[in-house]
Amino acid sequence: MPIPRDPLHEAAAIVKGFAARVKPLHKAAILLNCLSPEVTVEVSRGLTEREIKGLLPEMTRLQHSNTIETVAIVNEFFHLHRLWPTLGGPLDDPGEIVRAMERWAGRNPRRLAKLLKESWLSPRV
Numbered sequence: 003m004p005i006p007r008d009p010l011h012e013a014a015a016i017v018k019g020f021a022a023r024v025k026p027l028h029k030a031a032i033l034l035n036c037l038s039p040e041v042t043v044e045v046s047r048g049l050t051e052r053e054i055k056g057l058l059p060e061m062t063r064l065q066h067s068n069t070i071e072t073v074a075i076v077n078e079f080f081h082l083h084r085l086w087p088t089l090g091g092p093l094d095d096p097g098e099i100v101r102a103m104e105r106w107a108g109r110n111p112r113r114l115a116k117l118l119k120e121s122w123l124s125p126r127v
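The letter at position 93 of the sequence shown is residue 95 when you use our numbering, and the numbering goes up by one with no holes.
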């Protein structure tokens with residue numbers, strides 16, 4: 003008899019797999035799109051003109067905020083840069099994950115710009 007699978011573990015694997023398939027520039031656009039306009043402006047001050055020009059078409063193509071997509075990308079970003087411990091550990095509630103990103107980005111706009119460059123905006127060699 004097969005061992006029953008944990009639905010939460012399976013859901014987490016699906017979300018991780020989804021995030022892994024998204025292109026880096028699109029990930030950065032999704033992450034910036036979940037922020038308030040004020041925070042996005044502050045983050046953009048830490049980006050180059052070239053990076054902003056690359057992001058604008060991606061952000062324009064985002065027709066609406068997909069919670070699953072956004073949560074997957076924010077979760078990947080926090081995990082990639084080992085930021086979950088600064089927030090007290092990984093969160094489960096999708097709304098709280100997005101609110102945590104807004105709070106963290108609001109306090110750290112320059113650092114967010116730097117980390118976006120390191121992870122998703124830097125040209126791949």
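Note that beta-carbon positions come from the ideal geometry of N, C-alpha and C, so glycine has one too. Treat the numbers as computed from the prediction; the structure is a model and nothing was measured.
Within the same chain, Cβ atoms closer than 7 Å to the Cβ of Ala30 are found at Leu57, Leu118, Trp122 and Leu123, the five residues on either side in sequence being excluded. Here Thr69 carries a helix assignment [DSSP, helix/strand/coil].
Between the stretch 93–110 and the stretch 47–63 there are fewer than three C-beta pairs closer than 8 Å, too few to call the two in contact. Taking C-beta separations shorter than 8 Å and ignoring five residues to either side along the sequence, the partners of Glu104 in its chain run Cys36, Leu37, Ser38 and Val41, following chain order. One thing to note: Glu44 has its Cβ within 8 Å of the Cβ of Pro111.
Boundaries of the alpha helix (DSSP H) harbouring Asn35: Pro26 to Asn35, taken from the DSSP string.
Inter-residue distance for Glu78 and Leu49 is about 21 Å (C-alpha atoms, whole angstroms). In this structure, the beta-carbon distance from Trp106 to Leu85 falls below 8 Å. In the same chain as Leu82, and ignoring 5 residues on each side of it, the C-beta atoms closer than 7 Å to its own belong to Ser121, in chain order.
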